[in-house]
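Notes for the one structure printed next.
Numbering (our numbering), first residue to last: 43 to 293.
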């Protein structure tokens, strides 16, 4: 792969402006950055952009296509607190033979907490995501709400068999943990609807609750069509490995 780098840098490592371009046979990446400040407070900003960059070839993944993205970063650091605002847009992301477009994101960082919003105006993938990721405690806390207004499974080539195949729904999650074995919280799927050329299926509200610790595992599933509970003293990986071995013995 051919790589060429061209750029400019002016100033010192702690007080500078810079810009440049990395050109490859896969596409080009443009970048820029600034840092300045007085006393203990350093302010920084940066930009990053790519137009039609072939991430599929880069990662040797035939599911991925080309990426067009632009982003901006503005923030400060005073030796104790890190603050930053991030925003940008993905105007093209190829996956599975479909180009996702008009995906916008913005967020803020304060030390170990990130708040962000992602919205998509793609007519076949219309959704919004609002979330908080908090890494200040011993176990990270995740609070996320996703509203899918239209996900066309046929147009995005997840379902090539049915000419009509789409879904919508709302997912909210309030979970803390570093792994499935110590994850606690609730995930709720609401107003879930699936439409195909034959029928419209409304699944109502689905609730999944986890209460896990080193010496116990508990999951509860509640919905209009099934209720179930799982309890164990074994880790989930041990349970999955046991089930996988048992299934392999009989298949």
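A virtual CB, placed ideally from N, CA and C, is assigned to each residue, including glycine.
Quick caveat: nothing in here was measured; it's all calculated off a predicted structure.
- According to the DSSP assignment, residue 157 belongs to the beta strand (DSSP E) that extends over 155-164.
- Cα atoms of residue 81 and residue 262: separation of roughly 54 Å, rounded to the nearest angstrom.
- In this structure, the beta-carbon distance from residue 89 to residue 74 falls below 8 Å.
- Note that the C-beta distance between residue 69 and residue 94 is below 8 Å.
- Around the beta carbon of residue 162, a 10 Å sphere encloses 16 or more other beta carbons of the protein chains shown; the residue is thus reported as buried.
- In the three-state scheme derived from DSSP, where H, G and I count as helix and E and B as strand, residue 68 is classed as coil.
- The C-beta distance from residue 232 to residue 212 rounds to 5 Å, short enough to fall under 8 Å.
- The residues 87 and 127, in chain order, have a CB closer than 6 Å to that of residue 116 in the same chain once the five nearest residues on each side in sequence are set aside.
- Looking only at 207, 225 and 206, the smallest Cα-Cα distance to residue 215 is reached by 225.
- In the three-state reduction of the DSSP assignment, residue 231 falls in the strand class, which pools E and B.
- In the DSSP assignment, residue 81 falls outside any alpha helix (DSSP H), carrying neither H nor E.
- The beta carbon of residue 150 is closer than 6 Å to those of 127 and 157 in its chain, skipping five residues each way along the sequence.
- Straight-line measurement puts the Cα of residue 223 at about 28 Å from the Cα of residue 189.
- Residue 111 counts as buried, since no fewer than 16 other beta carbons sit within 10 angstroms of its beta carbon.
- The criterion of a C-beta distance shorter than 8 Å is satisfied by residue 235 and residue 244.
- Excluding its 5 nearest sequence neighbours in each direction, residue 76 has C-beta neighbours in its own chain below 6 Å: 59 and 87, listed in chain order.
- Of the residues assessed, residue 259 falls on the buried side of the cut-off, its CB having 16 or more other CB atoms within 10 angstroms.
- Around residue 276, the same chain offers 259 and 284 as residues with beta carbons nearer than 8 Å, after the five sequence neighbours per side are excluded.
- For residue 44 and residue 253, the gap between their C-alpha atoms comes out near 52 Å.
- For residue 124, the closest C-alpha among the options 152, 66 and 63 is that of 152.
- Close CB contacts of residue 71 within its chain, under the 6 Å cut and outside five residues either way in sequence, are with 64 and 92 (chain order).
- Relative to residue 269, the option among 249, 229 and 114 whose CA is nearest is 249.
- Listed in chain order, the beta strand (DSSP E) runs fully inside the stretch 88-130 are 106-119, counting runs of at least 3 residues.
- A Cβ-Cβ contact shorter than 8 Å links residue 107 with residue 98.
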